[in-house]
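Numbering (UniProt numbering), first residue to last: 1 to 113. To keep things clear, I will list the structure first and then write my remarks on it.
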Amino acid sequence: MSDNSGALPLIFCAGIGLWFWLGDPGKFIANKLYKDGAAPWETVDAFYYPDRSNLSLFKSRPGLKSVDECRAAVNVLAFDASDAGLKRGDYECGVGKLKGDYYGLSVYRLTVR
Numbered sequence: 001m002s003d004n005s006g007a008l009p010l011i012f013c014a015g016i017g018l019w020f021w022l023g024d025p026g027k028f029i030a031n032k033l034y035k036d037g038a039a040p041w042e043t044v045d046a047f048y049y050p051d052r053s054n055l056s057l058f059k060s061r062p063g064l065k066s067v068d069e070c071r072a073a074v075n076v077l078a079f080d081a082s083d084a085g086l087k088r089g090d091y092e093c094g095v096g097k098l099k100g101d102y103y104g105l106s107v108y109r110l111t112v113r
């Protein structure tokens with residue numbers, strides 16, 4: 001019998017390398033550990049819709065650090081639009097914008113309110 005114990009670490013490292021090359025480990029870790037919010041390396045984009053029945057009109061604030069910061073930004077946008085209690089409007093927070101071509105659409109790992 002031959003001793004192939006040195007091959008196991010090499011196979012493990014090759015598997016991790018393939019995961020980084022073919023997969024998205026940052027997204028995987030964020031999905032497991034940060035299910036309801038932004039991971040420390042992700043940004044949050046705030047979207048405020050002044051008319052909840054017409055979602056084609058919106059104002060946005062990109063590059064925020066947390067969902068709480070997103071909610072605060074939406075409150076400011078709503079106040080500026082004379083909709084302080086969000087009676088007419090609506091909002092969403094896009095967490096972790098995904099890289100890639102989605103035909104001009106912004107796709108996020110998570111969308112929260």
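Yeah, the Cβ is synthetic: ideal placement off N, Cα and C, and Gly gets one too.
Where does Lys-65 fall in DSSP's three states? coil
Which residues bound the alpha helix (DSSP H) around Gly-26? 25 to 33
Would you kindly check if the distance between the Cβ of Leu-64 and the Cβ of Val-44 is under 7 Å? yes
How many whole angstroms separate the CB atoms of Tyr-102 and Ala-78, which I take to be in contact at a CB cut-off of 8 Å? With a Cβ gap of about 28 Å, Tyr-102 and Ala-78 do not count as contacting.
Out of Ser-56, Gly-100 and Gly-104, state which residue places its alpha-carbon closest to the alpha-carbon of Tyr-91. Ser-56
With a threshold of 8 Å on Cβ separation, who are the neighbours of Gly-89 within its own chain once the five nearest residues in sequence on each side are excluded? Tyr-48, Tyr-49, Pro-50, Asp-51, Arg-52, Ala-78, Ala-81 and Asp-83
Is Ala-46 closer than 7 Å to Val-74 when the C-beta atoms are compared? yes
Taking only the alpha-carbon atoms, compute the straight-line gap between Gly-100 and Val-107 and give it to the nearest angstrom. Distance between Gly-100 and Val-107, taken at the CA atoms: about 9 Å.
Hey, Arg-109 and Lys-27 are a contact pair by Cβ (cut 8 Å); roughly how many whole angstroms apart? 6 Å
What number of angstroms, rounded off, separates the C-alpha of residue 117 from the C-alpha of Ala-14? Because the chain is modelled from 1 through 113, residue 117 falls outside the range shown and cannot be assessed.
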